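Okay, structure first, notes after.
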């Protein structure tokens, strides 16, 4: 499966995730809180770039994200690498 590109930028509003998305692709954002011990949760369904995650977490919380691209029929097409940050 090809690798999709994803970038994470911290702003006062939250975490901005940017990624490429072809016109007919479906893009889902997944987030994991607390590192490897936490489960992956889908936080956005068929979203556009950029995506803003403005959920509030305690300082020191580790957050990880990836984007999953699918075809219109729901077949996996590409997945990004994992990007992460620890909130200050």
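Numbering (the working numbering), first residue to last: 1 to 88. C-beta atoms are modelled at their ideal positions from N, C-alpha and C, and glycine is treated no differently. Here the structure is a predicted model, which means the values were calculated and not measured.
Quick check: what's the CA-CA separation for residue i versus residue j?
i          : j          : result
residue 22 : residue 72 : 11 Å
residue 4  : residue 86 : 23 Å
residue 57 : residue 77 : 31 Å
Skipping 5 residues on each side, what residues in its chain have a beta carbon closer than 6 Å to that of residue i?
i          : result
residue 53 : 14, 15
residue 32 : 38, 40, 64
Which residues share a DSSP beta bridge with residue i?
i          : result
residue 14 : 11
residue 68 : 28, 79
Residue i and residue j look like a contact to me (Cβ under 8 Å); what is the Cβ gap, rounded to whole Å?
i          : j          : result
residue 59 : residue 80 : Actually they are not in contact, since the Cβ atoms of residue 59 and residue 80 sit about 26 Å apart, beyond 8 Å.
residue 83 : residue 8  : 4 Å
How about residue i: is its C-beta nearer than 7 Å to some C-beta of chain B?
i          : result
residue 86 : Absent from the structure is chain B; it holds one protein chain and no more.
Identify, in the order they occur along the chain, each residue of the same chain with its Cβ nearer than 7 Å to the Cβ of residue i, setting aside the five sequence neighbours on each side.
i          : result
residue 10 : 85
For residue i, collect the residues of the same chain with a Cβ closer than 8 Å to its Cβ; drop the 5 residues on either side in sequence, then sort them by chain order.
i          : result
residue 74 : 26
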